[in-house]
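Participant: Residue numbers (the UniProt record's numbering), protein chains in the order written: chain A, 1 to 423; chain B, 1 to 423; chain C, 1 to 423. Think of the CB as a built atom: it goes at the ideal place given N, C-alpha and C, for glycine as much as any other residue. This structure is a prediction, so every number in the text was calculated from the model and none was measured. Structure in structure tokens, see below.
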Amino acid sequence: MPPDFDTSMKFKFSILALLLEVIVIVLFGIFVDYDSNLSANLYPHFQDVHVMIFVGFGFLMTFLKKYGFSSVGFNMLIAAFGLQWGILMQGFWHMERGKISVNIESMINADFSTATALISFGALLGKTSPIQMLILTLLEITMFACNEHLVTKVFKATDVGASMTIHAFGAYFGLAAALVLYRPGLTNKHENDESTYHSDMFAMIGTLFLWLFWPSFNSAIAEARVTAIINTYYSLAACTIVTFALSSLVDKRGKFSMVLIQNATLAGGVAVGTCADLEIHPFSAMFIGVIAGIVSVLGFQFLTPVMASKCRIQDTCGVHNLHGLPGILGGIAGIVVTAIKTETRNGHVLTPAMQAAALGSTLAIAIVGGALTGAILKIPFLGQVSDQNCFDDSAYWEVPEEETVHEIHSSHRDEHSRFEAAM
Amino acid sequence: MPPDFDTSMKFKFSILALLLEVIVIVLFGIFVDYDSNLSANLYPHFQDVHVMIFVGFGFLMTFLKKYGFSSVGFNMLIAAFGLQWGILMQGFWHMERGKISVNIESMINADFSTATALISFGALLGKTSPIQMLILTLLEITMFACNEHLVTKVFKATDVGASMTIHAFGAYFGLAAALVLYRPGLTNKHENDESTYHSDMFAMIGTLFLWLFWPSFNSAIAEARVTAIINTYYSLAACTIVTFALSSLVDKRGKFSMVLIQNATLAGGVAVGTCADLEIHPFSAMFIGVIAGIVSVLGFQFLTPVMASKCRIQDTCGVHNLHGLPGILGGIAGIVVTAIKTETRNGHVLTPAMQAAALGSTLAIAIVGGALTGAILKIPFLGQVSDQNCFDDSAYWEVPEEETVHEIHSSHRDEHSRFEAAM
Amino acid sequence: MPPDFDTSMKFKFSILALLLEVIVIVLFGIFVDYDSNLSANLYPHFQDVHVMIFVGFGFLMTFLKKYGFSSVGFNMLIAAFGLQWGILMQGFWHMERGKISVNIESMINADFSTATALISFGALLGKTSPIQMLILTLLEITMFACNEHLVTKVFKATDVGASMTIHAFGAYFGLAAALVLYRPGLTNKHENDESTYHSDMFAMIGTLFLWLFWPSFNSAIAEARVTAIINTYYSLAACTIVTFALSSLVDKRGKFSMVLIQNATLAGGVAVGTCADLEIHPFSAMFIGVIAGIVSVLGFQFLTPVMASKCRIQDTCGVHNLHGLPGILGGIAGIVVTAIKTETRNGHVLTPAMQAAALGSTLAIAIVGGALTGAILKIPFLGQVSDQNCFDDSAYWEVPEEETVHEIHSSHRDEHSRFEAAM
């Protein structure tokens, strides 16, 4: 059992959380009001996205055998704070007469903004405290809102499903922070950094709700909504078949790997995001899904181990393979499509140069921002756990006694040994 | 293993259930018909509420280590019967030419009516038989429909998200029944009255689907639908941050408690219910959520143990803290808001006096009705389990042999002892 | 532990899957385009059906203690391939100017088509390889599309909730294949062909999402959409009460059985399918649900064991009782209703003769098609597992070491025995 939580921690976390909530309420009191034109049209879309954020991301990360409470619980904490902070940060760029208007669409955008912090959380999973994650959420959503404004209002690029502004941004932000927060003590695989049979089953709940509602994610703020739905649906389906095929192919015994099925099947949704609502025809969407599946499987299989051992980047959930590389792929697809076809959005012709600028700025801001945030999170004051207590809920949670199958097994062994010794 | 289910039980339960179903079908044949004006507009809202009732309430109660089958199964039984009975009981107050019209809105209201019985089930969880629960459902929904009529048609009070008529009603009905059904033998904590790691994970499925779809619950029958959505969304978010902060603060080692995260995070949805569709501004909704979180956490931490030991009220799921106190808080918020602002609903000005009357009548009818129902359920004929078999699925279900982690542990110990004895 | 997967298998599966995906993309490139009239009206309905296919069917089959990865994983594989193949097979019957138009409605129909393969998968669960299942999906959806065309365009019969064309078709197709693939070695119950406590809990996730969204399934392509929703809702509710009653009644100790609650509660949704959007009045829908519940419970209790022992049909999930018999019941209900009332659909009067023809053709095509498919799947080349490795994920998946509670128990026993032997 890990040692008791530093008791000073409880005051630090509680005071930080309460302080942030008070600040948010005061800012809401000053700046936020109902939109005068409240339509419920987008509400089913909003609910799908909402389920993705809390159930999808939350359960996807429960694959670790002893970190399920933290995965689903801190995911909820981050998202519940982020959706309040996101309204403010995104709203400050679009104020009218000193007021931020809230409606279903701005709630969708706020939910979106939390996704960046949740993706970064995936890279850092098991190695950061809730105090650190609240600070990261605060900083990342602030920078996300700036980059999003740059991409959509300055460059006037399209990124309707947010391949670049959410997925690539969240991934490289988290990876840069992970690099700064590198733990040499975790070079050898930590005994808790693995799944059990049931933790893998819980993670599939997350996978499926993400997979199913991804068309809503990519189409929620699209002009050509049904086109975005159709493209995303087929990209995901094609990606899934390829993921199964490659998962078997890259394994020496030809067996499927749950980590690939849980993650790489979703890469098609990420990669088709930027051009989801463009008329690229379903077969092109499928082609994008196929490439995304290939890139993602190969990333998990060959790149993640190398990044951990050579590049000092420990990426717990492999967000580089699910959000990073497929996000860049989405950005590139946007460049290619706008180079081939003339597409107009909001009265502006989309150009490959501006799409490339959007991708470049996103990566640059994410990496610099993530590294700076990582440096801030390194302040010892913030309650980072020791290497030994990584990936273990009991550092932060009251955990029921017979907590995991693994523990019983060990306690059995212990009794056995004591018994032998006594003879 | 508990002793075999009394074989006479199977006839009692089966005959009661079949009899009730026959009565319902006959009454439907006589009274119920399709509404002539069938619109599918509210169907997505209905589905969200439907998910809350069956998945949300069902899985929220699966936290007990050996009572998951009963939690999710009896929840389904109660809700499936209640939604039929609710149409009749609510419909009798609104008949036109001797007919009850069914449409999506009346189906939502029927789903709502089952929530009262499911909340009361939470207080009684693990201590009552399915026979008792069918009778409770029958009686509670009948009284709920009367009180709802009183509140909305006689007092013309507003309670759009049903803080009073569902949450407070269901909680105090269940608590009054629990008082009457008090079991002195359970004064010391029952060994099965606790969670395991995976049962807590299953419960989080319930928590998240309740949390996510609560805006649909509070807005389903609202005039100002989007206002109700926005207020509920922010109340829940603020409540969640406060719940995490206080969960750490009230624990001596600063650790989070799953029971608080599973339950108190939802109190914001309950408390904002009464005035969800009033223009209270998002920051006020957040403020209500904050108070609800504080009340709920403190209730779980300090009040529930006292109620069990001093007041002879054993509240298994802590419904007093999730539905009871936040429900009263919602009623009070309604009184305050109608006192400050002039609000009109259905052509009537809302008055604090009528809001207070609604809250008072709800509490009175719930407590008297619950106590009477408890007295009826006490009839030994109805198959209440012995104290020893409380909180144990195997009293009512065929359970797979290696049922819980705990059992293996014990059986291991047993073998061990036998082995030592044999030496 | 099962022996290593035949390494040649990985090439066979991967090449087959990649080849199929390439063929699909080429066919999409040639034939498929966006519909010119893209409406998002049906999108919430689509999402409900989508959840049923991936979460509902997927988790419903996770009840086996060591086959959860395969259940939810291969379910995803089959559905992701099937929804692409279904668009093509259904589309070839409705081409306009050489093109298949994709819109939300055709995506719903494609999701529907995958349900047939998933139902057949339920009969074969644990006994077939993913190679076999891809081939079955290909063949079954092709034949399904032909039969559906026959039923709806030639016979002009109604089957709005697809009691016949999906449920009965999928069930008898799978049962005929199971007959051909009969394994004498599994006559005695396989040790892995059973559930654990938590696998039964996971299966309830599937049950509930199927139960909740079944009204969307039956109404998705209905003209009288809300009528179909109401009828399905009440049929399911009545079926659920009857299932609980009979589950207790048929057990010698009066206990409920999870397999019945997981499955027979859904039979009301199947049986009301054919006449879901006809004005049969809610009480008739309930009556259909009651009969479906009775038939399904009795089927699970008495028929399935006989079919396995006498008829050489091993039906792992009991699809005969959930989809087969209730599907026929739905077909018969359609005959009866069209005989009693004059109903018109698409300008044609529905006749009992045509309804009967639809039922007959469906059963005939399903049984012949399933038997032929079973014969093809019998080719040894396709990687069928040995009897011993049936119902075991580790034949196809990398499985975490301490995989199930059961294993620990056994490994404990093993150590113990070795220990005793050593003394």
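(1) Please classify C/ILE230: is it buried, with 16 or more other beta-carbons within 10 angstroms of its beta-carbon, or exposed?
(2) Could you tell me which residues DSSP puts in a beta bridge with C/VAL32?
(3) Identify the contact partners of A/ASP33 in chain B, using a Cβ-Cβ distance below 8 Å as the criterion.
(4) How many Å lie between B/ARG413 and A/ALA375 at the Cα?
(5) Please determine, among A/ASP111, A/ALA115, A/GLY68, A/THR137, the residue with the shortest C-alpha to C-alpha distance to A/LEU16.
(6) For residue 425 of chain A, which three-state DSSP category applies?
(7) To the nearest angstrom, how far is the alpha carbon of B/SER254 from that of B/SER248?
(8) Below 8 Å on the Cβ atoms is my guess for A/ASP393 versus A/PHE69; work out the distance and round it to an integer in Å.
(9) Please classify C/THR196 as buried or exposed, where buried requires at least 16 other C-beta atoms within 10 Å of its C-beta.
(10) Are the CB atoms of C/ALA145 and C/ILE367 within a distance shorter than 8 Å?
(11) Do you know offhand how far C/SER143's Cα is from C/ILE365's?
(12) Just checking: is the beta-carbon of A/GLN388 within a distance shorter than 8 Å of some beta-carbon in chain B?
(13) Using the DSSP secondary-structure output, state which residues sit across from A/ARG345 in a beta bridge.
(14) Output, in sequence order along the chain, the residues in the stretch 185-213 of chain B whose CB is closer than 9 Å to any CB in chain A.
(15) Does B/VAL297 get closer than 8 Å to chain A when you measure Cβ to Cβ?
(16) Figure out for me which residue from B/THR342, B/THR187, B/THR274 has the closest Cα to the Cα of B/ALA228.
(17) Quick one: list the residues of chain C neighbouring A/LYS255, beta-carbon separation under 7 Å, in chain order.
(18) Considering only their Cβ atoms, is the gap separating C/ASP33 from A/HIS281 smaller than 8 Å?
(19) Tell me, please, whether the CB atom of C/THR232 is closer than 8 Å to any CB atom in chain B?
(20) Say whether chain B places a C-beta atom closer than 8 Å to the C-beta of C/ASP48.
(21) Would the stretch 329-340 of chain B count as touching the stretch 288-300 of chain B if we require 3 or more Cβ pairs under 8 Å?
(22) Of all the CB atoms in chain B, is at least one closer than 8 Å to the CB of C/ARG345?
(23) If you count every other CB in all the chains shown that lies within 10 Å of the CB of A/ASN184, and 16 or more means buried, which is it?
(24) Which word fits C/THR338, buried or exposed, when buried means at least 16 other C-beta atoms lie within 10 angstroms of its C-beta?
(25) Return the CA-CA distance between A/ARG345 and A/THR158, expressed in angstroms with no decimal places.
(26) How about A/ALA40: is its C-beta nearer than 8 Å to some C-beta of chain C?
(27) Taking Cβ to Cβ, would you say C/HIS323 is nearer than 8 Å to C/HIS198?
(28) Could you have a look at A/GLU415 and say whether DSSP puts it in helix, strand or coil?
(29) Count the other CB atoms within 10 Å of the CB of B/PRO215; is the residue buried (16 or more) or exposed (fewer)?
(30) Answer yes or no: does any C-beta atom of chain A fall closer than 8 Å to that of C/PHE81?
(31) Any beta carbon of chain A sitting closer than 8 Å to that of C/ASN109?
(32) Which residue comes first and which comes last in the alpha helix (DSSP H) that contains A/SER309?
(33) To the nearest angstrom, report how far apart C/MET9 and C/GLN388 are at their CA atoms.
(34) So which residues of chain B does C/MET286 contact, with C-beta pairs closer than 7 Å?
(35) With distances taken between CB atoms, is the gap from B/GLY370 to B/GLY126 smaller than 8 Å?
(36) Taking B/GLY170 as part of the alpha helix (DSSP H), name the residues at either end of that continuous run.
Facilitator: In terms of the structure at hand:
(1) Classification for C/ILE230: buried.
(2) C/ILE100
(3) Result: HIS281, PRO282.
(4) Its pLDDT being 35, under 50, B/ARG413 is placed unreliably by the model, and the measurement read from it follows with that caveat. Rounded to whole angstroms, B/ARG413 to A/ALA375 spans 50 Å at the Cα level.
(5) A/THR137
(6) Any property of residue 425 of chain A remains undetermined from this structure, which presents chain A solely from 1 to 423.
(7) Here the sequence assigns Gly to residue 254 of chain B, which means Ser is not the residue at that position. When rounded, the distance between both Cα atoms is 4 Å.
(8) Yes, they are in contact, since the Cβ atoms of A/ASP393 and A/PHE69 sit about 4 Å apart, within 8 Å.
(9) C/THR196 is buried by the Cβ-count criterion.
(10) no
(11) It should be pointed out that residue 143 of chain C corresponds to Met in this sequence rather than to Ser. The alpha-carbon atoms of C/MET143 and C/ILE365 are separated by roughly 8 Å.
(12) no
(13) DSSP lists A/HIS348 as partners of A/ARG345.
(14) GLU194, SER195, THR196, TYR197, HIS198, SER199, ASP200, MET201, PHE202, MET204, ILE205, THR207, LEU208, PHE209, TRP211, LEU212, PHE213
(15) No Cβ of chain A is located within less than 8 Å of the beta carbon of B/VAL297.
(16) B/THR274
(17) PHE5, TYR396, TRP397, GLU398
(18) yes
(19) The Cβ of C/THR232 sits no closer than 8 Å to any Cβ of chain B.
(20) yes
(21) yes
(22) Residue contact check for C/ARG345 against chain B: no CB pair falls below 8 Å.
(23) For the record, residue 184 of chain A in the displayed sequence is Pro; it is not Asn. Flag for A/PRO184 reads exposed.
(24) C/THR338 comes out buried.
(25) Rounded to the nearest whole angstrom, the CA to CA distance from A/ARG345 to A/THR158 is 7 Å.
(26) no
(27) Against a cut-off of 8 Å, the Cβ pair of C/HIS198 and C/HIS323 comes out as no contact.
(28) Because the pLDDT of A/GLU415 is 37, which lies under 50, any placement of that residue in the model is unreliable, and the number read from its coordinates should be weighed accordingly. DSSP places A/GLU415 in the helix class (H, G or I) of the three-state scheme.
(29) Buried, by the Cβ-count rule.
(30) yes
(31) Taking Cβ atoms only, chain A never reaches closer than 8 Å to C/ASN109, which makes this a no.
(32) 304-310
(33) 18 Å
(34) ILE25, PHE28
(35) no
(36) 169-180
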